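> Can you read through this structure? Questions will come right after.
Residue numbers (this note's numbering): 37 to 193.
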């Protein structure tokens, strides 16, 4: 295997592992956000959400590196509508994730001042709706990626 092929493989592996890890954190948040959360639950949720942000940033860095420095190159990706659909879906997920993050920070601040604090049911419902919407949009990312990897979305297809 050439150095270039090895680099391409390493980018692909890292990118996929990071995306799966991000999906895992999103699944954790969906399971963890529920009525009756304790201060400990809220703290755990906030830590997981911080990892969500770290993973998202790492995905962007590795994805950018992969699209510019790996086998297919920027010319392939930039001309592919499924690449841009994937980027758009990722951006939507990122924007949606701001609302739960703000809620977790608000809940954690309240729980630090009152150890018996429990997030209001309406807040919990609202955050769960956003998380499910994130999951729905997130589900399109591998669909777009599969189409893109097979050459769909270019002028040739």
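By construction, the Cβ of each residue, glycine as well, lies at the ideal position given by its N, Cα and C atoms.
Here the structure is a predicted model, which is why all the values come from computation and not from measurement.
Can you name, in chain order, every residue of its own chain whose Cβ lies under 7 Å from the Cβ of residue 50, other than the five neighbours on each side?
Counting only Cβ-Cβ distances below 7 Å, and skipping sequence neighbours, we find 98.
> Helix, strand or coil for residue 70, going by three-state DSSP, please let me know.
Of the three classes helix, strand and coil, the one that applies to residue 70 here is coil, per DSSP.
> Going along the chain, which residues of its own chain have a beta-carbon closer than 6 Å to the beta-carbon of residue 119, five neighbours each way excluded?
113 and 184.
> Please report how far the alpha carbon of residue 144 lies from the alpha carbon of residue 74, in whole angstroms.
Residue 144 and residue 74: Cα-Cα distance of roughly 10 Å.
> Might you give, ordered along the chain, the residues of its own chain that have their beta carbon closer than 7 Å to the beta carbon of residue 61, omitting 5 neighbours on each side?
Cβ neighbours of residue 61 beyond the five flanking positions: 84, 87, 88 and 91.
> What are the start and end residues of the alpha helix (DSSP H) that includes residue 158?
Element bounds for residue 158: 157 to 185.
> I need the DSSP call for residue 98, collapsed to helix, strand or coil.
Three-state DSSP puts residue 98 in a helix.
> Could you name the residues of the same chain whose beta carbon sits closer than 7 Å to that of residue 162, not counting the 5 residues immediately before and after it, in chain order?
Cβ within range, chain order: n/a, list empty.
> Check whether the Cβ of residue 170 lies closer than 8 Å to any Cβ atom in chain D.
The structure shown has no chain D; it contains just one protein chain.
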